[in-house]
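One structure is given below, encoded as structure tokens.
In this note's numbering, the protein residues as written are 2 to 249.
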């Protein structure tokens with residue numbers, strides 16, 4: 002009986018969440034964006050999340066010109082669906098609303114080549130590419146094993162060798178991208194104005210002044226302060242209450 006009640010509760014939660022999501026979409030279509038936000042936020046409060054939910058929520062905030070929550074929710078959507086071009090496009094539009102224009106310092110040398118290569122795909126995609134190469138390796142092995150002609154054996158052997166290289170490269174790229182993703186702690190500035198201090202105290206000298214919507218990367222924490230790095234490699238301390246972590 003207890004299991005049946007739990008199942009009924011679970012099904013009812015899913016039904017309610019879908020109803021609230023659909024209601025939010027109706028509000029959005031009627032350009033009642035604040036009501037749409039309330040509906041979408043209620044779904045998130047119930048513990049349900051999806052790329053589509055965050056994307057629609059971000060669109061609603063964008064329509065109201067609320068830059069920080071728009072960027073934040075686009076980033077959340079991108080975490081769940083990293084290969085979605087529509088999310089990426091809308092995120093770029095939202096970033097243009099931000100006041101701060103922080104330059105991106107490109108990496109150089111081998112690190113740049115490695116980062117450019119591994120970041121082409123999400124680590125899940127690299128895993129599927131490795132599976133594809135493993136399947137090709139199996140096909141070439143079968144061909145090599147059953148082939149009677151020397152020339153064909155050589156062709157299949159070369160195919161096996163290239164398949165192994167593909168498995169290794171894609172698996173290594175996936176691990177590298179997963180490690181980078183796990184170590185990054187991105188956050189969005191939600192405060193309208195947020196001083197970036199040279200040390201973790203209110204009386205510290207300002208290293209810069211940030212505004213809502215700016216993306217930072219958390220390096221360490223001390224009490225209610227976070228040491229962050231900008232994309233131009235500027236570092237400093239910002240109050241914990243001024244930012245909101247994307248991965249939470």
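Ideal Cβ positions, reconstructed from N, Cα and C, are used throughout, including at glycine.
DSSP-derived helix/strand/coil call for residue i
i: residue 69; result: helix
i: residue 4; result: Since pLDDT at residue 4 reaches only 47, below the 50 mark, its modelled position is unreliable, and no value is offered.
i: residue 203; result: coil
i: residue 120; result: coil
i: residue 104; result: coil
i: residue 236; result: strand
i: residue 213; result: coil
i: residue 43; result: helix
i: residue 31; result: coil
i: residue 99; result: coil
i: residue 249; result: coil
Contact test: residue i Cβ vs the ligand GTP heavy atom, cutoff 6 Å
i: residue 73; result: The ligand GTP is not among the ligands present in this structure, which contains no ligands whatsoever.
N-terminal and C-terminal residue of the beta strand (DSSP E) that residue i is part of
i: residue 228; result: 226 to 230
i: residue 246; result: 244 to 246
i: residue 83; result: No beta strand (DSSP E) contains residue 83, which DSSP labels as neither H nor E.
Supposed contact pair residue j and residue i - C-beta distance, whole angstroms, cut 8 Å
i: residue 177; j: residue 236; result: Their Cβ separation, rounded to whole angstroms, is 24 Å, which puts residue 177 and residue 236 out of contact at 8 Å.
i: residue 220; j: residue 229; result: 6 Å
i: residue 189; j: residue 244; result: 7 Å
i: residue 55; j: residue 33; result: About 19 Å separates the two Cβ atoms, so there is no contact after all.
i: residue 124; j: residue 182; result: 6 Å
i: residue 72; j: residue 233; result: With a Cβ gap of about 18 Å, residue 72 and residue 233 do not count as contacting.
i: residue 168; j: residue 131; result: 5 Å
i: residue 226; j: residue 201; result: 4 Å
i: residue 161; j: residue 141; result: 4 Å
i: residue 82; j: residue 52; result: 4 Å
i: residue 43; j: residue 21; result: 5 Å
i: residue 126; j: residue 184; result: No, residue 126 and residue 184 are not in contact; Cβ-Cβ is about 19 Å, not under 8 Å.
Buried or exposed by the 16-neighbour rule on C-beta atoms within 10 Å, applied to residue i
i: residue 129; result: exposed
i: residue 6; result: For residue 6, the predicted model reports a pLDDT of 41, less than 50, meaning its position is unreliable and no value from the coordinates is stated.
i: residue 40; result: buried
i: residue 231; result: buried
i: residue 136; result: exposed
i: residue 223; result: exposed
i: residue 247; result: buried
Continuous alpha helix (DSSP H) stretch holding residue i: start and end
i: residue 250; result: Since the first residue shown for the chain is 2 and the last is 249, residue 250 is missing from the structure and cannot be characterised.
i: residue 178; result: 151 to 184
i: residue 198; result: Careful: residue 198 lies outside any alpha helix (DSSP H), inside the beta strand (DSSP E) at 194 to 198.
Would you check if the stretch 35 to 53 and the stretch 213 to 221 touch, i.e. whether three or more CB-CB distances between them fall below 8 Å?
no
Is the stretch 79 to 98 touching the stretch 55 to 62, taking contact as three or more C-beta pairs under 8 Å?
yes
Using 8 Å as the cut-off, can you tell me whether the stretch 186 to 200 makes contact with the stretch 168 to 176, which would need three or more C-beta pairs spanning the two stretches below that distance?
no
Pair every Cβ in the stretch 200 to 209 with every Cβ in the stretch 76 to 90, then say whether three or more of these pairs are closer than 8 Å.
no
With three or more beta-carbon pairs closer than 8 Å as the criterion, would you say the stretch 35 to 43 touches the stretch 150 to 163?
Contact fails between the stretch 35 to 43 and the stretch 150 to 163, because fewer than three Cβ pairs, one in each stretch, are under 8 Å apart.
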